[in-house]
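Here is the structure we will look at, set down as structure tokens.
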Amino acid sequence: MECLQEFRDVSGLTVNTSKFSIFTAGIPLAAQRLTVTNYSLLVDRIAAAVVDKIHRLCRNFLWNSKRAPVAWEEICHPKEEGGLGIRHIQSWNVALLARVLWNVHRKADTLSVKWVNKVYLRGASVLDWQLKKGDSPLLRWLADIRDRLTIAFGASEAAVEHMGAWSNLKGLETSKAYE
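The sequence shown begins at 427 in the numbering used here and counts up one residue at a time.
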């Protein structure tokens, strides 16, 4: 709000707050606290029906609604491997949820991660934490991703090691999920 006062002092104009919205990360800053239902729209697992519809639209555009000469899975491979480099929606969604899981595990300095760690994990590690009946869909999906990674790598420590290898100074490289 200091910037608004500075604007007023410099310009002599006053901001009409009834017509003024403040945005953070492209999202309007709410006057009231966000609820779980508001937040879940920001990070969500894509429904299978939506993924199928997106893939169908992409295939129809690419093949002009004719029979596909190449399997969709091949199209989703990177260009270096003979594909077109189109991202597979479900794999990309899992990669992004894995990124959220990694941020929660390393206790990234963001409001959403602090909230999950304080309200749901209550000091427990995300690797040891057990789902409760009333937990949000986001937490169920994070637990599902955690369990899938643990199974894929044999142990939770190995899963963390691999997630750590995916990250660099700029953050998690979601493209590594395809390897």
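We treat Cβ as the ideally placed atom computed from N, Cα and C, and that holds for glycine.
Predicted model only: the values in this text are computed from it and were never measured.
- In summary, residue 557 is exposed, with fewer than 16 beta-carbon neighbours lying within 10 Å of its beta-carbon over all protein chains present.
- A buried status is given to residue 572, since no fewer than 16 other beta-carbon atoms sit within 10 Å of its beta-carbon.
- Between residue 526 and residue 565 the beta-carbon gap is near 10 Å, outside 8 Å, which marks them as no contact.
- Looking only at 442, 544, 520 and 508, the smallest Cα-Cα distance to residue 472 is reached by 520.
- Taking a cut-off of 8 Å for Cβ pairs, the region 497-511 and the region 536-556 do not touch, as fewer than three such pairs fall below it.
- Within 10 angstroms of the beta-carbon of residue 586 lie 16 or more other beta-carbons, which makes it buried.
- Put simply, of 523, 546 and 509 the residue whose alpha carbon is nearest the alpha carbon of residue 559 is 546.
- Rounded to the nearest whole angstrom, the C-alpha separation of residue 494 and residue 583 is 42 Å.
- For residue 489, the enclosing alpha helix (DSSP H) covers residues 474-489.
- The distance from the Cβ of residue 553 to that of residue 531 is about 7 Å, consistent with a contact at the 8 Å cut-off.
- For residue 578, the enclosing alpha helix (DSSP H) stretches over residues 563-579.
- In terms of Cβ geometry, residue 512 and residue 480 do not form a close pair [threshold 7 Å].
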